[in-house]
Amino acid sequence: MSTKFRHFRRTFSASSQFRNEISSSSTNNLLNSNPNKDSTLPGLCKGNKFEEAIDFLCQQKRLKEAIELLHHIDQPSARTYSTLIAACVRNRALEEGKMVHSHTKASNFVPGVFISNRLLDLYAKCGSLVDAQKVFDEMRNRDLCSWNTMIAGYAKIGRLEEARKLFDEMPQRDNFSWNAAISGYVSHDRPQEALELFRMMQRHDSSNSNKFTLSSALAASAAIPCLRNGKEIHGYMIRTGLDSDEVVWSALLDLYGKCGSLVEARGIFDKMVERDVVSWTSMIHRCFEDGRREEGFSLFRELMRSGISPNEYTFAGVLNACADYAAEHTGKEVHGYMMRVGYDPYSFAVSALVHMYSKCGNIENARRIFNLMPRPDLVSWTSLIVGYAQNGEPNKALHFFQLLLHSGTKPDQITFVGVLSACTHAGLVDKGLEYFHSIKEKHGLVHTADHYACVIDLLARSGRFKEAENIIDNMPLKPDKFLWASLLGGCRIHGNIDLAKRASKALFEIEPENPATYITLANIYANAGLWPEVAKVRKAMENRGIVKKPGKSWIEIRKQVHVFLVGDTSHPKISDIHEFLGELSKKMKEEGYVPDINFVLHDVEEEQKEQNLFYHSEKLAVAFGIISTPPGTPIKVFKNLRTCVDCHTAIKYISKIVQRKITVRDSNRFHCFEDGSCSCNDFW
DNA sequence: GTAGGGTTAG
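Just add 2 to the spot in the first sequence (first one is 1) and you have our numbering.
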C-alpha cells in the first residue's frame, strides 16, 4: 500500500463509526423511509458485498457513505468507480467526485478510456474545466467521446474559443461533435457563427445532420432572426424525414414565432401531437411578444388546466408580459401560484418577479422579493435599480448600485443603463458623467450605443449642448435613433432650433416613418413662433402618410382594466367623469392652476385634435379612478405615451385637492403625485 | 454502459 493511500485511508477512517452508522441509526432512519430497499444494506455489508452496497448507496444519493465504503475493498473494480463517478455526475457533486478521483490515483488504479471519459464528464458538467483539461491531457488514449465531452464542457460555460480549438483539432467528428460546437454558439448569443458551422456541416459532412443539429440550427435562425434560413431548414427537415421529433417541432414553432409569423407558429402548435411545457411556453411567449395579450393569457390559463406543470421559463415569460402591460393583478396571481407550487428561490423566474413588481410601480414588493433572494442575480439587481430610477427614487437606485458593487457582483452594460437613467431622472448631470466614464475606466466595459444615448439625454435635458455635441462628434459608434431622439427632446425643453434641425435630420434618415420626430420638431418651431416651418413639417408628414399615435391610458379597478382614449366618450361612466372633472377644474383654478394653453398645441402631437385639455386620456383615467374608489385609495394609471405638461401640472393639483397618492406610469417613467408635487421634480 | 437539441432576459 502506498503512503498516499494510507493517508487517504486515514482521512476516511477518521469517521470510522460508519460501520455502526450503517447498522444502526442511519439505517433505521432509512428503514422508516424506505423499508423494502433499505433492509438489504446491512446484509450487503455483513457479507462483504461492498461493491453492491456502493451501488445501493449511489442510488440513494448517499455519496459520502458510498465513498467511505471504498476502502473496504482492496482493489475497487472499474465498474465500481464508474458507478460512483456517474452518481457524482448526476448529483453535480464536484467535491465527492474529486474524492473518488483521488482514490483511483491513490490505489494506483489506471483508468481506461471509459473511466477517464466519466471523469471528464464529471468535471465538465460541474464546470471545472481546469480539472477536465488535466485529465484530458493525461489520457494516453482518447476516443471521440473524450473530445466531445471536452467540447461540450467548454461550450456550455461559454468558453467558445477553447471549444472551437478542440473541435478544429480533433481527428474525426461525429454528429455529437458538430452539435456540441453549434449549440455552444447558439446558447451564447452567437447565432451567426452557429449557422456558419451548420452550413459547413451540411456541405462537408451532411450525414451528421440529425434532430440535435437541426434543432440547434433552428434556434440559431430564430435568434438572428432569419426566417428565410429557418424556412430552408424546415424544407430540409421535411425532405429528410427528420420532422418526426417533437423537440424539432418546438424549435420550428419558436422560429416562426420569433420571426413574427404568428399564424404559422400557431398552426404548428395546434398540429403538434405531444405538446410539452416548452412548446406551450414558447407559444405563449410569442403571443405576448406580438402584442396578442389576450391570446397569451388565455393560452396560459389553458396550460394551467392541461395538467402540464409550468416551469421557470413559463413564469418568467408571463411575468414579463405582466410587467409590459402593467397587469399587476395577473402578476400577483402568477406569484401566488409560484408560492403554492414552491418555486426555486435561485431561479431566474424570481428576477422576473422583481421586474414585474417594479414595472407595475410596486417597488416595495419588488424590494421585498429581492430581499428574499439568497443570491440575487445581476438581472434582479438591475431590475431593482431601474425600478427605483423610474419610480422617482433615483438616490435609492444609486444606493443599490453601491450595494451591488459591495456584494461582489459585477455590473454589466445594462446595469449602467439603469445607473445612468437614475442620474438623468435625478438631474445629477456631473455624477452621471462620472459614471459614464467609469464604465470603461473602472469597470473595463465597452460603451454601448445605449450608454451614449443616456449621456446625451443627461446633457441635453440640462441644456449642456456643447458637451453633448462634442461627445457625438467624437464617439466611436454611429449615433443611433435613441441618441438623436434624446437630443431632440433636450432641444424641445431648451428651444434649441439649430441642434433640433440636426437631430431631426438624422432621425428622418434612420426612421422616416416615426411620427414622434415630426411632431416634436413642429412643436419646437411652434414654440419659437416659426409658423411657416410648422406648416412645412406637417405637410411633409401628410405627404408621407404618417399617422400620429393616439394617446391611451388605462387603470385597473377591481380586477378590471378600463381603457381611455383621448376625447373618449365611450365609457359608461363618462358623464360622471366629465361632471367630476368640471368640479375639480373650479377648485384647481382657485388653488392657482392655469391651463397651459401652449401645450394644447404641443399635445396635438400626442393627443390628436382635441382642443380641451380636459379630455386627455390620463385625466379621464385619473378622474375615473377617484370616483370609483373610496377616499384615500391610491390611484395608479398607465399611459402609452409620455405625459403632457398640462396633465402633469393638473394631476399635481388634483393630488392635493383630493388628498390621494396618484401614480402615472408613462412610456418613460413613473410619476408619483402626492400633496401637490411629483416625484420626478418636473424633470422627465 | 460514457456525450447532446427546443423555452427566459434587466
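The C-beta atom is built at its ideal place from N, Cα and C for all residues, glycine as well. Remember, predicted model here, so these are calculated numbers, not experimental data.
- In this structure, DSSP gives R307 a helical state, which the three-state scheme calls helix.
- Under DSSP, S208 forms no beta bridge with any residue.
- DSSP, reduced to helix, strand and coil, places I548 outside both helices and strands of the structure shown, so it counts as coil.
- K442 sits exposed, since fewer than 16 C-beta atoms from the chains shown fall within 10 Å of its C-beta.
- Between S284 and L244, the C-beta spacing is not below 8 Å.
- Every alpha helix (DSSP H) of 4 residues or more that sits fully in the segment 270 to 344 is shown, in chain order, as 279 to 291, 295 to 308, 314 to 327 and 330 to 343.
- In this structure, DSSP gives T665 an extended state, which the three-state scheme calls strand.
- Counting every other CB atom within 10 Å of its CB across the protein chains shown gives Y348 a total below 16, marking it as exposed.
- For V639, there is no enclosing alpha helix (DSSP H); the residue is found in the beta strand (DSSP E) stretching over I637 to K641.
- Per DSSP, the unbroken beta strand (DSSP E) holding S555 starts and ends at K554 to I559.
- Ranked by Cα distance from N670, the first of I656, S657 and F640 is F640.
- Comparing alpha-carbon positions, the option among L124, C680 and K51 lying closest to A428 turns out to be C680.
- Residue pairing from DSSP leaves Q194 without any beta-bridge partner.
- Between the segment 268 to 288 and the segment 315 to 322 there are three or more C-beta pairs closer than 8 Å, enough to call the two in contact.
- Under the three-state reduction of DSSP output, C646 falls in the coil class, being neither helix nor strand.
- Boundaries of the beta strand (DSSP E) harbouring C674: F672 to E676, taken from the DSSP string.
- If you draw a straight line from the Cα of R144 to the Cα of R94, it comes to about 24 Å.
- The residues N119, in chain order, have a CB closer than 7 Å to that of C147 in the same chain once the five nearest residues on each side in sequence are set aside.
- For A451 against L485, the beta-carbon gap comes to about 7 Å, under 8 Å, which counts as contact.
- Here the segment 457 to 471 lies against the segment 485 to 497, with 3 or more beta-carbon pairs under 8 Å apart.
- Secondary-structure assignment with DSSP links S223 through no beta bridge to anything.
- Close CB contacts of L479 within its chain, under the 6 Å cut and outside five residues either way in sequence, are with A451 (chain order).
- Contact check for L86 against C128 fails: the beta carbons are separated by 8 Å or more.
- Cβ-Cβ separation between I559 and S619: approximately 16 Å, too far for a contact (criterion under 8 Å).
- CA-to-CA, the gap between V115 and T151 works out to about 12 Å.
- By the neighbour-count criterion, in which 16 or more other beta carbons inside 10 Å mark a residue as buried, A154 falls on the buried side.
- Approximately 16 Å separates the beta-carbon atoms of F350 and V388; this is outside 8 Å, ruling out the contact.
- Annotation for F566: the continuous beta strand (DSSP E) segment containing it runs Q562 to L567.
- When beta bridges are read from the DSSP output, S679 appears opposite E676.
- Using a Cβ distance threshold of 8 Å, A224 and G237 do not count as a contacting pair.
- Within the same chain, and ignoring the five residues on either side of I270 in sequence, the residues whose Cβ sits closer than 7 Å to its Cβ are W251, L254, L255 and Y258.
- Residue N210 holds the alpha-carbon nearest to the alpha-carbon of D176 among A183, A157, F169 and N210.
- Annotated three-state conformation of C261 is coil, per DSSP.
- Between the C-alpha atoms of V660 and P633 there is a straight-line separation of about 8 Å.
- A residue is called buried when at least 16 other Cβ atoms come within 10 angstroms of its Cβ; W533 does not meet this threshold and is exposed.
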